[in-house]
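Just so we're aligned: the sequence shown equals residues 16 to 343 in my numbering. Here's the structure, in structure tokens; my notes come after.
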Amino acid sequence: MNPAPPVTIAVDTRPPRTRKPDTRLWARVPRTHRRVPNRRRGGNVRRDSVWRPPSATPRPERSGHAHRTLPRRPPAAGVRPPGERRAAQGIHVGRPRVGPRRGVADGGRDVRARDVRGGRGTAVGVGRFITLEGVDGSGKSTQAALLADALEAGGVRVVRTREPGGTPLGEQVRALLLETPPGAMGAVAEACLFAASRAELVRRVVRPALADGAWVVCDRYLESSLAYQGAGRGVGLDVVRAINAASVDGCAPDLTVLVDVPVDVAAARRCAGPDRIEAEGDEFQRRVAGGYRTLMGDAAGRIVAVDGDAGPDEVHARVMRAVRRALG
Numbered sequence: 016m017n018p019a020p021p022v023t024i025a026v027d028t029r030p031p032r033t034r035k036p037d038t039r040l041w042a043r044v045p046r047t048h049r050r051v052p053n054r055r056r057g058g059n060v061r062r063d064s065v066w067r068p069p070s071a072t073p074r075p076e077r078s079g080h081a082h083r084t085l086p087r088r089p090p091a092a093g094v095r096p097p098g099e100r101r102a103a104q105g106i107h108v109g110r111p112r113v114g115p116r117r118g119v120a121d122g123g124r125d126v127r128a129r130d131v132r133g134g135r136g137t138a139v140g141v142g143r144f145i146t147l148e149g150v151d152g153s154g155k156s157t158q159a160a161l162l163a164d165a166l167e168a169g170g171v172r173v174v175r176t177r178e179p180g181g182t183p184l185g186e187q188v189r190a191l192l193l194e195t196p197p198g199a200m201g202a203v204a205e206a207c208l209f210a211a212s213r214a215e216l217v218r219r220v221v222r223p224a225l226a227d228g229a230w231v232v233c234d235r236y237l238e239s240s241l242a243y244q245g246a247g248r249g250v251g252l253d254v255v256r257a258i259n260a261a262s263v264d265g266c267a268p269d270l271t272v273l274v275d276v277p278v279d280v281a282a283a284r285r286c287a288g289p290d291r292i293e294a295e296g297d298e299f300q301r302r303v304a305g306g307y308r309t310l311m312g313d314a315a316g317r318i319v320a321v322d323g324d325a326g327p328d329e330v331h332a333r334v335m336r337a338v339r340r341a342l343g
């Protein structure tokens, strides 16, 4: 048997060819914004959702990009966090510590001015709704102006308004209510006119301002109708609440400051030429004051009484302390 011919085996000693990775995208995108493969899930991991300076990024404890701790994105330049902005305003804006919010217009359900019920409207940010109440001559209008001035001086954006009024229709209703001769308007009709003005104020002024993050300071609100028409006129608190339920639509103040002044002191303060309601006399004002006291018991701490039998500056200091305690 003839031996098989020798076989020559050629061995290629060159390194195997490998496909170069496509680095075009990597060359254009900053390192912190690259997509990296996620070997566990077969997808990609976004590394640009949050940001932190590269030097602060912790080293990965395990191999592979997918196991790195993602950094956090800082706020935009010149924008301070909400906590710092509120601290700079001189008054801390937080949830009131006065207990549960209970609206007087809706039978005691937990509602706030910036809440949106039933999916309507837009929830608001840090806006607050403060109202001031009191009998005629209590000085509440002066205190409303001083409060708004103090908040603005602290950097708070404030919308000032009043009742009745605050809108073109509301000012017309105000003139009708205050200039109609005594006895020419029934108590229920009077309550309905106040509610009509209030509905426009809530829709056109209060809700938009709160949705925009402003603080609303209002000279009188629903509690005036409850005290004046409900108690003073004898219509009844429940009837006035029913009349106003659609007008306020769940928009209850965060805080109501009642400037509490004895009726005789308030009478001495009132200017000459009283309007139709101011001309009702001291007995009517006493019934109104009694209505306010009843409301304080019903509002679960949302209505705060401040002694108004002092000079404007001293009363203002008391009002500011009440606001800070309730909303700070």
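Note that beta-carbon positions come from the ideal geometry of N, C-alpha and C, so glycine has one too. Since the model is a prediction, treat every value here as computed from it, not as a measurement.
- Task: Buried or exposed for residue 193, please, with buried defined as at least 16 other CB atoms from any protein chain shown within 10 angstroms of its CB.
- Result: So residue 193 counts as exposed.
- Message: Assuming the contact rule is C-beta atoms closer than 8 Å, residue 162 and residue 338 should be a hit. Round their C-beta distance to whole Å, please.
- Response: Contact between residue 162 and residue 338 holds, since their C-beta atoms are separated by about 7 Å, short of 8 Å.
- Query: Which class does residue 253 belong to by DSSP, given the choice of helix, strand or coil?
  - Reply: Residue 253: helix per DSSP, three-state reduction.
- Query: Taking Cβ positions, are residue 285 and residue 152 nearer each other than 8 Å?
  - Reply: Cβ distance < 8 Å, so residue 285 and residue 152 count as in contact.
- State the CB to CB distance for the pair residue 238 and residue 178, rounded to an integer number of angstroms; the pair is presumed to be in contact (CB under 8 Å). About 10 Å separates the beta carbon of residue 238 from that of residue 178, a gap too long to meet the 8 Å contact definition.
- Query: Hey, how far is the Cα of residue 342 from the Cα of residue 333?
  - Reply: Going from the Cα of residue 342 to the Cα of residue 333 covers about 14 Å.
- Message: Given this structure, state the Cα-to-Cα distance separating residue 121 from residue 203, to the nearest angstrom.
- Response: Summary for residue 121: the model assigns pLDDT 36, below 50, so the residue's position carries little reliability, and this model does not support an answer.
- Message: Under 8 Å, with one C-beta from each stretch per pair, do the region 239–246 and the region 296–314 reach the 3-pair mark?
- Response: Enough Cβ pairs lie closer than 8 Å, so yes.
- Indicate whether residue 231 and residue 170 have their beta-carbon atoms separated by less than 8 Å. Contact flag unset, no.
- alpha helix (DSSP H) runs wholly inside the region 195–278, at least 4 long, in chain order: Listed in chain order, they are 202–216, 222–226, 237–240, 252–263.
- Determine which residues share a DSSP beta bridge with residue 292 and list them. Checking the DSSP bridge columns, you'll see residue 292 has no partner listed.
- In the DSSP assignment, find the alpha helix (DSSP H) that holds residue 157 and state where it starts and stops. Unbroken alpha helix (DSSP H) run through residue 157: 155–168.
- Message: Do residue 188 and residue 211 count as a contact pair if the criterion is CB distance below 8 Å?
- Response: The answer is yes: Cβ separation under 8 Å.
- Query: Thinking C-beta only, is residue 146 closer than 8 Å to residue 219?
  - Reply: No, the pair does not count as a contact, with Cβ atoms beyond the cut-off.
- Message: Buried or exposed for residue 185, going by 16 or more other Cβ atoms inside 10 Å?
- Response: Residue 185 is buried by the Cβ-count criterion.
- Query: Excluding sequence positions up to five away, which residues of its chain have a Cβ less than 7 Å from the Cβ of residue 182?
  - Reply: These residues qualify, in order along the chain: 215, 216, 219, 220.
- Of all the options 293, 317, 277, 269, which has the alpha carbon lying nearest to the alpha carbon of residue 323? When 293, 317, 277, 269 are compared, the shortest CA-CA separation from residue 323 is found for 277.
- Task: Output the distance between the C-alpha atoms of residue 329 and residue 267, rounded to the nearest integer angstrom.
- Result: In a straight line, the C-alpha of residue 329 is about 28 Å away from that of residue 267.
- Message: Please classify residue 281 as buried or exposed, where buried requires at least 16 neighbouring CB atoms within 10 angstroms.
- Response: By the 10 Å Cβ count, residue 281 comes out buried.
- Query: Is the beta carbon of residue 269 sitting closer than 8 Å to the one on residue 144?
  - Reply: In this structure, residue 144 lies closer than 8 Å to residue 269 by Cβ.
- Can you tell me which of the three DSSP states residue 322 falls into? DSSP places residue 322 in strand when its eight states are reduced to three.
- Message: By the three-class DSSP mapping on this structure, what secondary structure does residue 178 have?
- Response: DSSP places residue 178 in coil when its eight states are reduced to three.
- Determine the DSSP secondary structure at residue 173, reduced to helix, strand or coil. Looking at residue 173 - three-state DSSP - the assignment turns out to be strand.
- For residue 335 and residue 241, the rounded distance between their alpha carbons: Each residue's alpha carbon lies about 25 Å from the other.
- Query: Looking at C-alpha atoms only, which residue of 296, 274, 180 is the closest neighbour of residue 320?
  - Reply: For the options 296, 274, 180, the alpha carbon positioned closest to that of residue 320 is the one of 274.
- From this set, 233, 199, 208, which residue's C-alpha is nearest residue 159's C-alpha? The shortest Cα separation from residue 159 among 233, 199, 208 belongs to 233.
- Quick one: is residue 172 buried, meaning 16 or more other Cβ sit within 10 Å of its Cβ, or exposed? In summary, residue 172 is exposed, with fewer than 16 beta-carbon neighbours lying within 10 Å of its beta-carbon over all protein chains present.
- Task: May I have the straight-line CA-CA distance separating residue 291 from residue 199, to the nearest angstrom?
- Result: Going by C-alpha positions, residue 291 is about 10 Å away from residue 199.
- Which stretch, first to last residue, makes up the alpha helix (DSSP H) that contains residue 313? Run containing residue 313: 297–313, per the alpha helix (DSSP H) assignment.
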